[in-house]
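Contents: one structure, followed by commentary.
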Amino acid sequence: MGITTGYGAVLPLRNLMMTILAILALGLGMGHCGARAESTVVIFGDSLVQGYGLPAEQGLVPQLESWLQANGTEVTLVNGGVSGDTTQGGAARIAWTLSEQVDAIVIALGGNDMLRGIDPSVVRQNMDTIVQQAANSGAAVLVVGIEAPLNYGPDYKAAFDPIFADIAARFGADYHPGFFTAFEGDVLPFMQADAIHPNAEGVAQIVKVVGPSVAALIDGD
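Residue 660 is where the sequence shown starts when you use the working numbering, and the numbers rise one by one after that.
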């Protein structure tokens with residue numbers, strides 16, 4: 660898929676504040692209600708996680724939560740997506756995203772780095788920071804990969820593509836090869852008009868593919 664433009668950068672501060680409030684609310688709920696029956700999982704990423712261009716209920720996090728619950732996994736998902744975020748931004752906010760209430764975290768960053776042509780060595784360093792802090796917190800970790808298209812050149816692709824699997828292996832995290840592995844053949848029916856962000860049907864396809872990996876993360880399989 661020859662993606663050549665960037666993700667939308669929409670209301671990043673609002674997204675950050677919503678994530679903080681969601682995690683704080685979970686902590687307050689524990690204080691009043693005792694032990695949790697459900698796992699709390701943060702989906703940590705950029706506009707693909709945030710739900711860019713979609714009604715709230717059609718975004719990745721609500722659809723994934725519904726899929727998990729329908730398949731027998733008791734879980735509350737926290738939307739940790741910030742539109743336009745890069746791995747540098749993720750490294751800056753990972754520490755306060757993690758808390759005692761977070762049982763697991765799905766890390767899906769790197770798309771904006773790739774689209775901006777950021778040096779893969781910088782992406783690797785940032786991802787190392789993010790995954791190391793997540794693993795050290797005691798949360799279960801799933802890293803979602805991403806591949807650079809061929810129009811970035813073979814050298815860039817060769818340096819960029821292995822980053823996510825390498826770092827997942829280094830820290831003993833689970834790994835999923837990428838959201839867009841859900842699509843085969845013509846992807847345009849599953850994309851919004853910008854040809855970058857999935858539409859609601861595209862998100863549903865992603866959920867079907869990534870859902871089992873998230874369920875396994877939560878169940879400790």
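Heads up, the beta-carbon is just placed ideally off N, CA and C, and yes, glycines get one too.
As the structure is a computational prediction, the values presented were derived from the model and not from experiment.
Just the C-alpha distance for residue i and residue j, rounded to the nearest angstrom, thanks.
{"i": "glutamine 747", "j": "glutamate 697", "result": "31 Å"}
{"i": "methionine 660", "j": "alanine 799", "result": "Confidence at methionine 660 is low in this model, with a pLDDT of 36, below 50, so its placement is unreliable and the value that follows should be read with caution. Near 31 Å, if we compare the C-alpha coordinates of alanine 799 and methionine 660."}
{"i": "aspartate 878", "j": "proline 848", "result": "33 Å"}
{"i": "proline 857", "j": "leucine 707", "result": "8 Å"}
{"i": "glutamate 724", "j": "valine 700", "result": "10 Å"}
{"i": "alanine 841", "j": "valine 866", "result": "8 Å"}
{"i": "aspartate 845", "j": "phenylalanine 839", "result": "12 Å"}
{"i": "glycine 749", "j": "valine 782", "result": "11 Å"}
{"i": "lysine 816", "j": "asparagine 795", "result": "29 Å"}
{"i": "glutamine 851", "j": "leucine 809", "result": "22 Å"}
{"i": "aspartate 825", "j": "valine 873", "result": "19 Å"}
{"i": "alanine 832", "j": "proline 813", "result": "27 Å"}
{"i": "valine 868", "j": "histidine 835", "result": "9 Å"}
{"i": "isoleucine 822", "j": "glutamate 733", "result": "31 Å"}
{"i": "proline 871", "j": "alanine 818", "result": "28 Å"}
{"i": "glycine 797", "j": "valine 761", "result": "9 Å"}
{"i": "glycine 776", "j": "glutamine 864", "result": "28 Å"}
{"i": "aspartate 778", "j": "isoleucine 855", "result": "21 Å"}
{"i": "alanine 715", "j": "valine 803", "result": "22 Å"}
{"i": "tryptophan 726", "j": "glutamate 759", "result": "25 Å"}
{"i": "tyrosine 811", "j": "aspartate 820", "result": "11 Å"}
{"i": "glycine 731", "j": "leucine 801", "result": "19 Å"}
{"i": "leucine 713", "j": "glutamate 843", "result": "22 Å"}
Could you give the DSSP three-state label for residue i: helix, strand or coil?
{"i": "tyrosine 815", "result": "helix"}
{"i": "aspartate 787", "result": "helix"}
{"i": "asparagine 738", "result": "strand"}
{"i": "aspartate 878", "result": "helix"}
{"i": "phenylalanine 823", "result": "helix"}
{"i": "isoleucine 865", "result": "helix"}
{"i": "valine 873", "result": "helix"}
{"i": "histidine 691", "result": "The pLDDT assigned to histidine 691 is 41, lower than 50, so where the model puts this residue is not dependable; a value taken from the coordinates is nonetheless given after this. Histidine 691: helix per DSSP, three-state reduction."}
Report all residues from its chain with a CB closer than 6 Å to the CB of residue i; omit the five preceding and five following residues, and keep chain order.
{"i": "glycine 704", "result": "Gly740, Ala767 and Leu768"}
{"i": "valine 720", "result": "Ile702, Leu736 and Asn738"}
{"i": "asparagine 784", "result": "It should be pointed out that residue 784 corresponds to glutamine in this sequence rather than to asparagine. Hits under 6 Å: none found."}
{"i": "isoleucine 805", "result": "Gly769, Gly770 and Gly837"}
{"i": "aspartate 853", "result": "none"}
Looking only at its own chain, which residues have a Cβ that is under 8 Å from the Cβ of residue i, when we skip the five neighbours before and after it?
{"i": "glutamine 717", "result": "Gly710, Ala859 and Val862"}
{"i": "alanine 754", "result": "Gln792"}
{"i": "aspartate 787", "result": "Ile826 and Arg829"}
{"i": "serine 780", "result": "Ala818"}
Any idea which residues DSSP pairs residue i with across the strands?
{"i": "asparagine 858", "result": "Asparagine 858 pairs with nothing; no bridge assigned."}
{"i": "alanine 767", "result": "Gly704"}
{"i": "threonine 699", "result": "Thr735"}
{"i": "tyrosine 834", "result": "Val802"}
{"i": "methionine 773", "result": "Answer is none; methionine 773 lacks a bridge partner."}
Just checking my contact of residue i with residue j at CB under 8 Å: how many whole Å lie between their CB atoms?
{"i": "methionine 773", "j": "alanine 751", "result": "About 19 Å separates the two Cβ atoms, so there is no contact after all."}
{"i": "alanine 763", "j": "leucine 876", "result": "5 Å"}
{"i": "valine 936", "j": "phenylalanine 830", "result": "Outside the modelled stretch of the chain, which goes from 660 to 880, sits residue 936, for which no answer is possible."}
Flag residue i as yes when its Cβ comes closer than 6 Å to any non-hydrogen atom of the ligand MG, and as no otherwise.
{"i": "phenylalanine 830", "result": "For the ligand MG, the structure offers nothing, since it holds no ligand at all."}
Here's a check: name, in chain order, each residue in its chain whose Cβ is nearer than 7 Å to the Cβ of residue i, leaving out the five neighbours to either side.
{"i": "glutamine 722", "result": "Val862, Ala863 and Val866"}
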